[in-house]
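>
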Amino acid sequence: MHETLPYLNKYNFPAINRGRLQTLQINVGLKCNQQCVHCHVNASPHRKEMMSNETISSIKSFLSTKAVETLDITGGAPELHTQFRELVSFARTNNIHVVDRCNLTILEEPGMDDLAAFLADNEVEIIASLPCYSLDNVDRQRGKGVFEKSIRSLRQLNSIGYGKPGTGLILNLVYNPQGPSLPPSQVELEDAYKRELKEQFNIVFNQLFTLCNMPIQRFGSMLISNNQLDDYMDLLKRSHQDSNLENVMCRNLLSVDWQGFIYDCDFNQMLGININDKSEPVHISEITHMNLESNEIAVRDHCYACTAGQGSSCSGALTSKH
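When we follow this note's numbering, the leftmost residue of the sequence shown carries the number 1450, and every step to the right adds one.
#1: Helix, strand or coil for tyrosine 1712, going by three-state DSSP, please let me know.
#2: Quick one, are the C-beta atoms of asparagine 1651 and leucine 1767 less than 8 Å apart?
#3: What first and last residue would you give for the alpha helix (DSSP H) that runs through glutamate 1648?
#4: With DSSP run on the structure shown, which of helix, strand or coil describes isoleucine 1576?
#5: For glutamine 1474, which of helix, strand or coil comes out of DSSP?
#6: Take isoleucine 1609 and list the residues in its own chain whose beta-carbon comes closer than 8 Å to its own, dropping the five residues that flank it on each side.
#7: Exposed or buried, what is lysine 1770 when buried is set at 16 or more other beta-carbons lying within 10 Å of its beta-carbon?
#8: Measure the alpha-carbon distance for aspartate 1640 versus glycine 1594 and round it to whole angstroms.
#9: Our contact map puts threonine 1554 next to serine 1599 with C-beta atoms below 8 Å; I'd like the distance itself, whole angstroms only.
#10: Could you give the first and the last residue of the continuous beta strand (DSSP E) run that contains serine 1704?
#11: In the DSSP assignment, find the unbroken alpha helix (DSSP H) run with leucine 1568 in it and report its ends.
#12: Contact between the stretch 1463-1480 and the stretch 1520-1538: three or more CB pairs below 8 Å?
#13: By how many angstroms is the C-alpha of tyrosine 1753 removed from the C-alpha of glutamine 1759?
#14: With distance defined between alpha-carbon atoms, name the residue in Pro1455, Arg1496, Gln1656 nearest to isoleucine 1722.
#15: Just reading off the alpha helix (DSSP H) that asparagine 1502 is part of, what are its end residues?
#16: Classify histidine 1689: buried if its beta carbon has 16 or more other beta carbons within 10 angstroms, exposed otherwise.
#17: From what residue to what residue does the beta strand (DSSP E) around leucine 1520 run?
#18: Quick check on this structure: which residue in Ser1506, Asn1571, Arg1601, Asp1715 has the alpha carbon closest to the alpha carbon of asparagine 1544?
#19: Thinking just about the alpha-carbon of each residue, which of Phe1462, Glu1503, Leu1512, Met1499 is nearest to the one in leucine 1473?
#20: Can you list, in chain order, the residues of its chain with a C-beta nearer than 8 Å to that of glutamate 1557? Leave out the 5 residues immediately preceding and following it.
#21: Three-state secondary structure (DSSP) at alanine 1757?
#22: For glutamate 1637, which of Ile1522, Ser1578, Gln1656 has the nearest alpha-carbon?
#23: Assuming contact is defined by CB atoms lying nearer than 8 Å, are glutamate 1518 and histidine 1546 in contact in what I supplied?
#24: If you drop the 5 nearest sequence neighbours on each side, which residues of the same chain put their C-beta closer than 6 Å to that of leucine 1741?
#25: Tell me, please, whether the stretch 1499-1511 touches the stretch 1708-1717 by the rule of three or more beta-carbon pairs shorter than 8 Å.
#26: On a CA-only basis, which of Val1537, Cys1699, Ala1540, Ile1575 is nearest arginine 1550? Give me that one, please.
#27: Could you check the C-alpha separation between isoleucine 1522 and cysteine 1763 for me, to the nearest Å?
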């Protein structure tokens, strides 16, 4: 696989600084039951990397000390970690909102029969990837049979209240383009998703988040192989909006990898760009009593994927004006 980091210093992304920490996003492991073309963490069923119990303890200590509002758990498929449920329960006991980055098909894996009920009991917000509402597009990007499994999982979640008004059980979906293009208008695409999923499958959800594909890892390597990286980077640079700089997720989010090292965002984590551009990685156990506010954020040219067009973050578009 091609390394993309050497290509990401051409356009000089603007300098930005951290604000108040609101979200701790942790990658508990790279093992996944799927292997998607666009995956920026290069997760697959063959990956063995998983967060240790010692690092889980450091996460808990950090959450107990800091006024973190949201624990955002990702992977791989985060539910495959043996401590996933215990970590969720700990956070909820401490009145911390929990987000589960769910690929939907995990609900059909062996041993996951009660996963949906557990998530509902703890009022965990589910953010689930569904790159299209048609079978062909989803299976092309995520693997044969993934679309039908995803629809069954969405119906299961709806049956226990997820995505329905008045339940407090939030179900958000995620869209990302098939190739090197910007996502369409989040507002307009959400309307289309809601209409099609309701009419075809009687499925409802709360919001659709549109994400821009990051030119790193598996997707970045594909761009290099197809001689498309320069064109894609030019598109991102041309589409940059200064107004999006105020709302990029790295201002209020701290990313933690499966080893416990911290980064300014999930994408920097995958590129090995340490927080504050430090030469050595920093472990979360070292910053429990540190204040990171106002620190400079480590940036490279892949950051343009977050500021291009309507913007892109872990919670979708940064503006609805496009």
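We put the beta carbon where it would ideally sit given N, CA and C, even for glycine.
Bear in mind the structure is a predicted one, so any value in this text is a computation, not a measurement.
Concretely, from the data shown:
#1: strand
#2: no
#3: 1635-1650
#4: strand
#5: strand
#6: Ala1565, Ala1566, Ala1569, Leu1618
#7: Because the pLDDT at lysine 1770 is just 42, under 50, the model does not fix this residue reliably, and the value given afterwards should be weighed accordingly. Exposed is the call here.
#8: 25 Å
#9: 6 Å
#10: 1702-1705
#11: 1564-1570
#12: yes
#13: 11 Å
#14: Pro1455
#15: 1502-1514
#16: buried
#17: 1519-1523
#18: Asn1571
#19: Leu1512
#20: Lys1598, Arg1601, Ser1602
#21: strand
#22: Gln1656
#23: yes
#24: Arg1467
#25: yes
#26: Ile1575
#27: 12 Å
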